[in-house]
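Q:
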Amino acid sequence: TGSISIGNSHVAMSVDHLIVNGVSTRIQTANGSIFIDSTIAAHGNLLVSAGGSNSDLTLLSAIDGDPGVNLTLNSGHLTTINADVKARGTGTITIGAVPTISIGSGFTVSTQDHSISLTADGMSLSGMVNAGAGTVTIKQATTGTAINLGTPSVLGSLGLSTSDLNDITAGRLIIGDANSGPITVVTDIAPVGVSTLHLNSGSSVTATAGGIAVQNLAVTAIGNVTFTSGTSAVLNLGVASNGSVSFTQL
Numbered sequence: 002t003g004s005i006s007i008g009n010s011h012v013a014m015s016v017d018h019l020i021v022n023g024v025s026t027r028i029q030t031a032n033g034s035i036f037i038d039s040t041i042a043a044h045g046n047l048l049v050s051a052g053g054s055n056s057d058l059t060l061l062s063a064i065d066g067d068p069g070v071n072l073t074l075n076s077g078h079l080t081t082i083n084a085d086v087k088a089r090g091t092g093t094i095t096i097g098a099v100p101t102i103s104i105g106s107g108f109t110v111s112t113q114d115h116s117i118s119l120t121a122d123g124m125s126l127s128g129m130v131n132a133g134a135g136t137v138t139i140k141q142a143t144t145g146t147a148i149n150l151g152t153p154s155v156l157g158s159l160g161l162s163t164s165d166l167n168d169i170t171a172g173r174l175i176i177g178d179a180n181s182g183p184i185t186v187v188t189d190i191a192p193v194g195v196s197t198l199h200l201n202s203g204s205s206v207t208a209t210a211g212g213i214a215v216q217n218l219a220v221t222a223i224g225n226v227t228f229t230s231g232t233s234a235v236l237n238l239g240v241a242s243n244g245s246v247s248f249t250q251l
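Residue numbers (the working numbering): 2 to 251.
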């Protein structure tokens, strides 16, 4: 196990190629941003963490994990991925931020049929998120944050535009968890790379202004589940709710 731990300072890494050996390696700050412009070959589990509420993590060069290696990238502020991040074999990827995760156009975060988790109060997925037949989980960082589908993120809500959703490949896409605020479908969405979509809210799930077209849809909510836009097209539906349930489709 190895670590690079920094106190109240920023870290900039810029070499041609960085090899990370050992079972587990941490590159982290207590309160400072991390800027990586070095290709990383991870031969053991890798954690890159920029601590502090104003600390950013910026990745400009690829990270490539050996089979079975788990990759974790997070920050207390903005996490910007402008490079490919790849986990192989049974390896997983976890990315976190508080306000925003951004994956730049032309770049891919990928696993080989294993999980990818994205946690932030805002997302900008111009690049690709590809878990193959595995699971992609997207949820808020702050309890109670509303989630809007079919529109970009704005201050106070986690939004996933139609383009964001179409950039995701997964056997199962889970959006939200028991701590999420209300989930609202604001326009018709059809995540083409997803077999099963699971919406999970600690509040309500509403699709009155737009519907969902997907092969399998699961909805879990503490409050009401209302799908009345008439534009949904679902082959298999499962709903678990403590409130009322209304569902109409094409």
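Glycine residues also receive a C-beta, built at the ideal position from the N, C-alpha and C atoms.
Count the other C-beta atoms from every protein chain shown that fall within 10 angstroms of the C-beta of Val49, then say buried if there are 16 or more, exposed otherwise.
A: That one is buried.
Q: Mark Asn201 as exposed unless 16 or more other C-beta atoms lie within 10 angstroms of its C-beta, in which case mark it buried.
A: It counts as buried.
Q: Under 8 angstroms, with one C-beta from each stretch per pair, do the region 158-174 and the region 225-242 reach the 3-pair mark?
A: No, because fewer than three Cβ pairs between the region 158-174 and the region 225-242 fall closer than 8 angstroms, the two stretches do not touch.
Q: On a CA-only basis, which of Thr95, Val99, Ala63 is nearest Ser76? Give me that one, please.
A: Of Thr95, Val99, Ala63, the residue nearest in Cα terms is Val99.
Q: Could you name the residues that DSSP lists as bridge partners for Leu251?
A: Leu251 is not bridged to any residue.
Q: Identify, in the order they occur along the chain, each residue of the same chain with its Cβ nearer than 6 angstroms to the Cβ of Ile82, setting aside the five sequence neighbours on each side.
A: Within the same chain, Ile82 has close Cβ partners Leu60, Ile104.
Q: Residue range of the beta strand (DSSP E) that Thr163 falls in?
A: Careful: Thr163 lies outside any beta strand (DSSP E), inside the alpha helix (DSSP H) at 163-167.
Q: Helix, strand or coil: how does DSSP classify Asp67 here?
A: Residue state, collapsed to three classes: strand.
Q: Where do the N-terminal and C-terminal ends of the beta strand (DSSP E) with His199 fall, by residue?
A: Per DSSP, His199 belongs to the beta strand (DSSP E) from 195-202.
Q: Using CA coordinates, which residue listed in Ile175, Ala210, Leu74 is at the minimum distance from Gly231?
A: Taking only the C-alpha atoms, the option nearest Gly231 is Ala210.
Q: Measure from the alpha carbon of Gly69 to the alpha carbon of each residue in Ser154, His44, Leu58, then state which is nearest.
A: With distances taken between Cα atoms, Gly69 lies closest to His44.
Q: Excluding the five sequence neighbours on either side, which residues of its own chain have a C-beta within less than 6 angstroms of the C-beta of Ala214, listed in chain order?
A: Cβ within range, chain order: Ala191, Ala234.
Q: In its own chain, which residues sit with a C-beta less than 6 angstroms from the C-beta of Thr95, not counting the 5 before and 5 after it?
A: Excluding residues within five positions, the ones whose Cβ falls inside 6 angstroms are Thr73, Ser118.
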